[in-house]
Amino acid sequence: MVLTKKEFFVQDLVIDDEYGVIDSNATIQEAAKKMRELGVPDLVVVEGESQKVLGVIADIDIVQNIVAEGKDSKSEKILTTMYKITPVSKITPVVEAFTRMRDLNVNVVPVVENEKLIGVCTIQDCWSYIPDQNVDEVGLIPVRNTRVAEFWFASVCAILALTLGVILPLAGVYGFFSGSSDDLWSLLGSTFIGGGKITFNLFEARGLSIMVPFFDMGLIWIVIEIFSILLVIFGIISLFSIIYVSFSDTRNLKTGRIVRTIVPGLIVLFMVFEWILFGIAFATATPTPKVAIDPIGLGMSILSMILILLAISRDYVFKEKETAESLKKEVSS
13 MVLTKKEFFV
23 QDLVIDDEYG
33 VIDSNATIQE
43 AAKKMRELGV
53 PDLVVVEGES
63 QKVLGVIADI
73 DIVQNIVAEG
83 KDSKSEKILT
93 TMYKITPVSK
103 ITPVVEAFTR
113 MRDLNVNVVP
123 VVENEKLIGV
133 CTIQDCWSYI
143 PDQNVDEVGL
153 IPVRNTRVAE
163 FWFASVCAIL
173 ALTLGVILPL
183 AGVYGFFSGS
193 SDDLWSLLGS
203 TFIGGGKITF
213 NLFEARGLSI
223 MVPFFDMGLI
233 WIVIEIFSIL
243 LVIFGIISLF
253 SIIYVSFSDT
263 RNLKTGRIVR
273 TIVPGLIVLF
283 MVFEWILFGI
293 AFATATPTPK
303 VAIDPIGLGM
313 SILSMILILL
323 AISRDYVFKE
333 KETAESLKKE
343 VSS
């Protein structure tokens, strides 16, 4: 079943009241000077004392119609260059305002109230408020605004995933594998052993009084070190990628598959390879060291990967609340 989403009006937008106005009898040169003074690319053109809105003149119009054609900006009037667009009111639908600007290929439309100019709205503002055609019916949890819910859900998941899967192991709170120093002397070197438990973290083997960088332990450990660096880098990139994409969804901005799925998915890939490389390193060591998986580290890695996958799949977590309510009414009737 298809439901129409809420329709927005110009009054729902943040109407820009910092605009420039110029009289229709002014010259192109005067318009250009005023644009420079105000730091704006457009001016609303009004008629004399009546202040009736006639249209808008944009800097691109001056460039294309006056400068490019070699006309005299000191003598040419604004009326010959401005574009005419019917002003909108506060109760004009956003879609209608957007359509007017799109059809004329312009960026600004004046907003009037009681035939008096009160501001302008841009095509970018309107685009952000154009609703989707259908209600989001895919998901498990009904919410009133799926995109806002998905933004916060994905952001929290990404932050927790980076913290649990990267930052805490980096800080040495827990690791990947652990073992006794007595069983690891041949792997780490007897001169490094200070006794007690040894934990293998992201970049080093760490004990009570020792710390051995992986770069000092052989080729496979250098590979682990490189993957650890990539894990940290892509962990941070994935965090910003997820937050950026989910925020873009709230503004109806399109993003590509690489940013939406592939980039954040790489952190899951690097986490899996990190564990595999540790297993290969211990399996190929001679003699084979006695080590055990750190259950907390494994659990946090799995949880971190699940959180990333949930953030990527946020579209399947929430659905429009209106859908659930309407279905109940339909069934009861």
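Residue numbering for the sequence shown follows the working numbering, beginning at 13 and increasing consecutively. Glycine included, C-beta positions come from ideal geometry on N, C-alpha and C.
Is the beta carbon of residue 282 less than 8 Å from the beta carbon of residue 322? If you number the sequence shown from 1, residue 282 lands on position 270. If you number the sequence shown from 1, residue 322 lands on position 310. No.
Would residue 244 and residue 178 be called neighbours here (beta carbons separated by less than 8 Å)? Here residue 244 refers to the residue found at position 232 when the sequence shown is read from its first residue. Here residue 178 refers to the residue found at position 166 when the sequence shown is read from its first residue. Cβ atoms of residue 244 and residue 178: closer than 8 Å.
Proximity of residue 129 and residue 122 at Cβ, strictly below 8 Å: Walking along the sequence shown from the start, residue 129 turns up at place 117. Walking along the sequence shown from the start, residue 122 turns up at place 110. Contact: yes.
With DSSP as the reference, label residue 38 as helix, strand or coil. In the sequence shown, the residue the question calls residue 38 occupies position 26. Taken through DSSP and simplified to helix, strand or coil, residue 38 comes out as coil.
Assigned secondary structure, residue 260 (DSSP; H/G/I helix, E/B strand, else coil): In the sequence shown, residue 260 corresponds to position 248, counting from 1. Looking at residue 260 - three-state DSSP - the assignment turns out to be helix.
Three CB pairs or more closer than 8 Å across the region 161-171 and the region 295-308: At 8 Å Cβ cutoff, the stretches do not touch.
Can you name the residues that DSSP bridges to residue 113? Taking the first residue of the sequence shown as 1, we reach residue 113 at position 101. BP columns for residue 113 are empty, so no partner.
Within the same chain, show all residues whose beta-carbon is closer than 7 Å to that of residue 145, passing over the 5 residues directly before and after it, in chain order. For the purposes of this step, residue 145 is taken as residue 133 along the sequence shown, with counting starting at 1. Residue placement at residue 145 is poorly supported in this model, since its pLDDT is 48, which falls under 50; the coordinates are not used for a value here.
So is residue 286 buried or exposed if we call it buried at 16+ other beta carbons inside 10 Å? For the purposes of this step, residue 286 is identified with residue 274 of the sequence shown, where counting begins at 1. Per the 10 Å Cβ criterion, buried.
Residue 276 bridges to which residues according to DSSP? In the sequence shown, the residue the question calls residue 276 occupies position 264. Checking the DSSP bridge columns, you'll see residue 276 has no partner listed.
For the region 151-168 against the region 94-111, do three or more pairs of beta-carbon atoms, one drawn from each stretch, fall closer than 8 Å, so that the two count as touching? The region 94-111 and the region 151-168 do not touch, with fewer than three beta-carbon pairs separated by less than 8 Å.
Measuring CA to CA, which of 24, 42, 136 is closest to residue 32? One-based indexing of the sequence shown puts residue 32 at position 20. The residue with the shortest Cα to Cα distance from residue 32 is 42.
Using CA atoms only, rank isn't needed, just tell me which of 233, 246, 197 is closest to residue 222. Reading the sequence shown from its first residue, position 210 is the one you call residue 222. Relative to the Cα of residue 222, the nearest Cα in the group 233, 246, 197 belongs to 197.
Near residue 24, which residues of its chain fall below 8 Å by C-beta distance, leaving aside the five closest residues on each side in sequence? Here residue 24 corresponds to residue number 12 of the sequence shown, with the count starting at 1. Counting only Cβ-Cβ distances below 8 Å, and skipping sequence neighbours, we find 106, 141.
Just curious, the beta strand (DSSP E) that residue 212 is in, first and last residue? Counted from its first residue, the sequence shown places residue 212 at position 200. 209-212 is the span of the beta strand (DSSP E), which, as asked, contains residue 212.
Between residue 261 and residue 163, which are expected to be in contact by the criterion C-beta below 8 Å, what is the C-beta distance as a whole number of angstroms? Sequence index remark: in the sequence shown, residue 261 carries index 249 (1-based). Sequence index remark: in the sequence shown, residue 163 carries index 151 (1-based). Indeed they touch by this definition, with Cβ atoms about 7 Å apart.
Going straight from the alpha carbon of residue 186 to that of residue 165, what length do you get? In the sequence shown, counting from the first residue as 1, residue 186 sits at position 174. In the sequence shown, counting from the first residue as 1, residue 165 sits at position 153. Their Cα atoms are separated by approximately 26 Å.
Return the first residue and the last residue of the alpha helix (DSSP H) that residue 227 is part of. Working through the sequence shown from its first residue, we reach residue 227 at position 215. Neither: residue 227 is in no alpha helix (DSSP H) and is coded neither H nor E.
So the alpha helix (DSSP H) residue 122 belongs to, where does it begin and stop? Sequence index remark: in the sequence shown, residue 122 carries index 110 (1-based). For residue 122, no alpha helix (DSSP H) run applies; the uninterrupted beta strand (DSSP E) run containing it begins and ends at 120-125, by DSSP.
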